[in-house]
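Working notes for the structure below.
2 protein chains.
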Amino acid sequence: MKAFPLNKTFTFLEPGPVILVSTACGDDFNIMTLSWTMVLDFTPRFAFMTGPWNYSCKALLENKECVIAIPTVDMAETVVSIGACSGAEVNKFEKFKLTPLKAKFVGAPLIKECYANIECKIVDYIEKHGIFIMDAVSAWIDDRHKEKRLFHAIGDGSFIVDGEKINYREIMIAKLPDGV
Amino acid sequence: MKAFPLNKTFTFLEPGPVILVSTACGDDFNIMTLSWTMVLDFTPRFAFMTGPWNYSCKALLENKECVIAIPTVDMAETVVSIGACSGAEVNKFEKFKLTPLKAKFVGAPLIKECYANIECKIVDYIEKHGIFIMDAVSAWIDDRHKEKRLFHAIGDGSFIVDGEKINYREIMIAKLPDGV
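Going down the list, the protein sequences come from chains C and E. Per this note's numbering, the very first residue in the first sequence carries number 1; after that it's consecutive. Per this note's numbering, the very first residue in the second sequence carries number 1001; after that it's consecutive.
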């Protein structure tokens, strides 16, 4: 994987795809599937929502670290299945034949099979709403990854795959941050 | 427009599309374009992020009400253009030939041209992060709206249109809330 510029990491989350979040709990790694995410401004700062019913939540609160991994649509069935079981019962990396790679700044692993991986430090937790706030500290892209289409949860068990791309850069140019 | 069940409103936001947010400021209505949104659990509770640089922010803080309107891809150029100008300078409903309709429970107007409209009461504001938390109190759908594809911001001036739909309901069935 190649280093990816931190100031562009928000472009993986802004379209609202289904993501994977990896955590480390001692020597154990876990993964959760997540759709409740949000970009906070044009910065490498993000929010996501989860709660104590989720096995990953304990590791997030203890380590204050995670990796946000961006799966493409060829991984959709695996990603949905990861969300349908608990790390309390299974080792998800083994069960779903995914490869943990050592991250640079966090104990949580990168997921080799994903298109991109964003190492994050959790900087705040709004307990009342279950919202975690995190800063990206390093990002990686697999530039040989052929499939680039992401997919989005509807919330009823169906998903929408990325379709055509349209360009309104000229209309937005004054609002875009430098270098994006 | 027809009433739409509140417990399914999250299915418009969970896929992460670009949305419009309407507000009322006295007799004046305003609209902003937004992509930084998040579903909070399987409830009609949502979050979005904006800040004081945004003209709509004052109305959100004062009235604690808004309408989340869901535009389809045939409105994309209008929606992007709405985001590129300020309500401090133009009346966006007039400029973009959009029709405000009276909402049931909030002073902010529905937008007739949108596929769906969700009336929201703001229940919390996390000033430190610019995050507004809101509950849907009423929702409407234009069931004669032919175009149903939503679109998603990448953040660099380009946008991704909804493509094919895939179904993993069987894998997720135990995790889905009743009636969704």
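The beta carbon of each residue, even a glycine, is placed where N, CA and C say it ideally should be. In this text, all values refer to a predicted model and were calculated from it rather than measured experimentally.
For the segment 1141 to 1167 of chain E, the residues whose beta carbon sits under 9 angstroms from a beta carbon of chain C are, in order, 1149, 1150, 1151, 1152, 1153, 1154, 1155, 1156, 1157, 1158, 1159, 1160, 1161, 1162, 1163, 1164, 1165, 1166 and 1167. Annotated three-state conformation of residue 1076 (chain E) is helix, per DSSP.
Separation of the CB atoms of residue 32 (chain C) and residue 54 (chain C) is rounded to 6 angstroms, and the pair is thereby assigned contact status at 8 angstroms. One alpha carbon belongs to residue 126 (chain C), the other to residue 1109 (chain E), and they sit about 31 angstroms apart. The beta carbons of residue 70 (chain C) and residue 21 (chain C) sit no closer together than 8 angstroms. Distance from residue 1139 (chain E) to residue 1116 (chain E) at the Cβ level is roughly 7 angstroms; contact confirmed, criterion being Cβ atoms closer than 8 angstroms. In this structure residue 162 (chain C) is buried. Its beta-carbon is surrounded by 16 or more other beta-carbon atoms within 10 angstroms. Around the C-beta of residue 155 (chain C), 16 or more other C-beta atoms lie within 10 Å, and the residue is accordingly described as buried. Interface flag for residue 77 (chain C) against chain E is set, since a Cβ pair is found closer than 8 angstroms. Residue pairing by DSSP puts residue 1065 (chain E) in a beta bridge opposite E:1121. Residue 129 (chain C) and residue 96 (chain C) have their C-alpha atoms some 31 angstroms from each other.
Among the CB atoms of chain C, none fall inside 8 angstroms of the CB of residue 1021 (chain E).
The beta carbons of residue 43 (chain C) and residue 19 (chain C) sit about 18 angstroms from each other, so the pair does not count as a contact at 8 angstroms. In this structure, the straight-line span from the alpha carbon of residue 47 (chain C) to that of residue 41 (chain C) is close to 11 angstroms. For residue 1101 (chain E), the closest C-alpha among the options E:1169, E:1024 and E:1158 is that of E:1024. In the structure shown, residue 1163 (chain E) falls within a strand segment according to DSSP collapsed to helix, strand and coil. Per DSSP, the unbroken alpha helix (DSSP H) holding residue 172 (chain C) starts and ends at 169 to 172. In summary, residue 8 (chain C) is buried, with 16 or more beta-carbon neighbours lying within 10 Å of its beta-carbon over all protein chains present. Looking at the DSSP output, residue 1054 (chain E) bridges to nothing. Residue pairing by DSSP places residue 100 (chain C) opposite C:111 in a beta bridge.
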